[in-house]
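**Student:**
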Amino acid sequence: MREPADRSDPFAWDVIAQVSELLAPHVEDAAEGVRAAFELVEDALADRAHDTELGIAEART
Numbered sequence: 054m055r056e057p058a059d060r061s062d063p064f065a066w067d068v069i070a071q072v073s074e075l076l077a078p079h080v081e082d083a084a085e086g087v088r089a090a091f092e093l094v095e096d097a098l099a100d101r102a103h104d105t106e107l108g109i110a111e112a113r114t
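So the sequence shown is numbered by our numbering: it starts at 54 and just counts up by one.
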């Protein structure tokens with residue numbers, strides 16, 4: 054967060070606080086979406102690794 058040029062300006066700090074309060078739920082939602090996407094990627098990679106291991110095992114038999 055950037056500080057206002059005049060750190061003693063209460064209006065600037067009030068605006069920053071209000072904007073932060075308004076954005077916080079959206080940032081939290083976005084973070085949850087990113088976490089969910091990473092979980093999907095992890096699951097897909099694990100599935101692919103498992104499939105690859107099965108393929109290697111089948112090729113050896």
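For glycine and all other residues, C-beta sits at the position ideal for the given N, C-alpha and C.
(1) Give the secondary structure of Thr-105 by DSSP, where H, G and I count as helix, E and B as strand, and everything else as coil.
(2) How long is the line joining the alpha carbons of Val-72 and Asp-62, rounded to whole angstroms?
(3) Can you give the Cα-Cα distance for Asp-104 and Phe-64, rounded to whole angstroms?
(4) What number of angstroms, rounded off, separates the C-alpha of Val-80 from the C-alpha of Gly-108?
**Tutor:** Taking the structure as given:
(1) helix
(2) Separation of Val-72 and Asp-62 (C-alpha to C-alpha, rounded to the nearest whole angstrom) is 16 Å.
(3) 59 Å
(4) 42 Å
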